[in-house]
Amino acid sequence: MNHFTTNNGLNVYRLPVCWQYLVNGQLGGSLDEYAVGVYDQLVQGCLDTGSYCVIDIHNYARWNNAIIGQSGGAVTNDQFASVWWQIANKYKSDSKVIFGIMNEKPHDLDVPTWTTSVQYAVTSIRSAGATSQMILLPSTSYTSAGDCIASGSADALGAVTNLDNSHTNLIYDIHQYLDSNFSGTHADCVTNGISNLENLADYLRENGRQAFLTETGGGSTASCYTDVCAELDWINSYNADVYLGWIGWAAGSFDDSYTLAETPTYSNGVWYNTGIVDSCIAGKFN
1 MNHFTTNNGL
11 NVYRLPVCWQ
21 YLVNGQLGGS
31 LDEYAVGVYD
41 QLVQGCLDTG
51 SYCVIDIHNY
61 ARWNNAIIGQ
71 SGGAVTNDQF
81 ASVWWQIANK
91 YKSDSKVIFG
101 IMNEKPHDLD
111 VPTWTTSVQY
121 AVTSIRSAGA
131 TSQMILLPST
141 SYTSAGDCIA
151 SGSADALGAV
161 TNLDNSHTNL
171 IYDIHQYLDS
181 NFSGTHADCV
191 TNGISNLENL
201 ADYLRENGRQ
211 AFLTETGGGS
221 TASCYTDVCA
231 ELDWINSYNA
241 DVYLGWIGWA
251 AGSFDDSYTL
261 AETPTYSNGV
271 WYNTGIVDSC
281 IAGKFN
């Protein structure tokens, strides 16, 4: 993070963590002191760069295989709200912490029921005293930018409110990949995805809302250099009123053979970025 901020001008990082890890496998339990201490080192490292830091519970709307609020009581909204209350209580004074309620939601979620779960989390975060930070509202269909409106998620999440019934700093959370099936599992890109972002931008403007593209990226290939660059330039140049920013996936403890690797290498005192970072990400969002 220090390298990306100091040398490339990046200013926001998303920090995935597993719900089970935070509570030592105890559904509905308290935050585990050791686990949270380890994770907090990552958060503090991010904050020390002066950047925004997204706390991202990376559980696909599940505890193990049970969907939050949709599994006959196996995982309740109260249990989900509990972990978020504890996280928010810990970071309520950190203005640059952003609360990412959930990373992605597959197609098998009922949208209105999921929206109720999201409202539980938002209410819990605000009740803990984190009243001013951004909260990212995740849609269904793997948080897809292209499906946000069609799935009904955009309208449903529009009803989620703060304690005072406002929508201040409640931001739509979207993802977009540019490969053949929009999954981010192929090294080559086949589209720049701008048409999907345009449709959502129109919706956001009409409804006075904003979104954050918290996952996008591509392989270090010629096609992705073209398409990912076009996608990010489109957001930066024309649409900052409705898109607050974007985050590339992924750097960190990934093997360098990972298709979407953005982790730099270090040699003889110098950091070297991957091709996709150098071509499309570094320095574009200052």
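The numbering of the sequence shown is UniProt numbering, which starts it at 1 and goes up by one. Here a beta-carbon is modelled for each residue, glycine too, at the ideal position from N, C-alpha and C.
Go ahead and label V270 buried or exposed: buried means 16 or more other beta carbons lie within 10 angstroms of its beta carbon, across all protein chains shown.
-> It is exposed - the Cβ of V270 has fewer than 16 other Cβ atoms within 10 Å.
Please state whether DSSP places H176 in a helix, a strand or coil.
-> A small correction: the amino acid at residue 176 is Gln; His does not occupy that position in the sequence shown. Secondary structure of Q176 (DSSP, three-state): strand.
Close-in-space but distant-in-sequence residues of the same chain around P16 (CB under 7 Å, 5 per side omitted) | D56, H58, N103
Proximity to S220 [Cα-Cα], best of V122, D278, S132, R62 = D278
Give the DSSP-derived three-state secondary structure of N286 in the structure shown.
-> The pLDDT assigned to N286 is 44, lower than 50, so where the model puts this residue is not dependable, and the model offers no usable value.
N-terminal and C-terminal residue of the beta strand (DSSP E) that A211 is part of | 211-217
Residue interval of the alpha helix (DSSP H) (run including P264) = Premise fails: P264 is in no alpha helix (DSSP H) and is neither H nor E.
For V17 and chain B, any beta-carbon pair shorter than 8 Å?
-> Of the protein chains in this structure there is only one, and it is not chain B.
CB contact flag (G129, K92, <8 Å) = yes
Let me know if N196 comes out buried or exposed under the rule of 16 or more other beta-carbons within 10 Å of its beta-carbon.
-> buried
Proximity winner among M134, L31, Y120, D94, relative to G245 (alpha-carbon distances) = M134
Minimum C-alpha distance to A121 - residue among D110, E215, I68 = I68
Do E262 and L178 come within 8 Å of each other at the CB atom, strictly closer than that value?
-> Taking 8 Å as the Cβ cut-off, L178 and E262 do not qualify as a contacting pair.
Could you give the residue range of the beta strand (DSSP E) that holds W246?
-> 243-248
Measuring alpha carbon to alpha carbon, tell me which of V160, T5, D110 ends up nearest I125.
-> V160
Would G248 pass as a contact of G217 if the rule is Cβ separation under 8 Å?
-> yes
Enclosing alpha helix (DSSP H) for P112 [first to last residue] = 111-127
Decide if L163 is buried, meaning its Cβ has at least 16 other Cβ atoms within 10 Å, or exposed.
-> exposed
Who are the Cβ neighbours of F254 in its own chain at under 7 Å, not counting the five residues just before and after it?
-> A261, T263
Exposure label - Y266; buried when at least 16 CB within 10 Å = exposed
What are the uninterrupted segments assigned as alpha helix (DSSP H) that are 4 or more residues long and contained completely in the segment 47-92, given in chain order?
-> 77-91
Within 10 angstroms of its Cβ, does G73 collect 16 or more other Cβ (buried), or is it exposed?
-> exposed
8 Å Cβ cutoff met for T140 and K105 | Cβ distance < 8 Å, so T140 and K105 count as in contact.
For V97, the three-state DSSP class (helix, strand or coil) = strand
In whole angstroms, what is the alpha-carbon distance linking F99 and T259?
-> 27 Å
Once you ignore the five residues that flank L137 on each side, which residues in its own chain have a CB closer than 8 Å to its CB?
-> By the criterion of a C-beta distance shorter than 8 Å, L137 is surrounded in its chain by I101, V118, V122, L157, V160, L170, I171, Y172, D173, once the five residues flanking it on both sides are discounted.
Go ahead and label N286 buried or exposed: buried means 16 or more other beta carbons lie within 10 angstroms of its beta carbon, across all protein chains shown.
-> Here the model assigns N286 a pLDDT of 44, short of 50, so the residue's position is not dependable and the matter cannot be decided.
Less than 8 Å separating the beta-carbons of T49 and N89?
-> no
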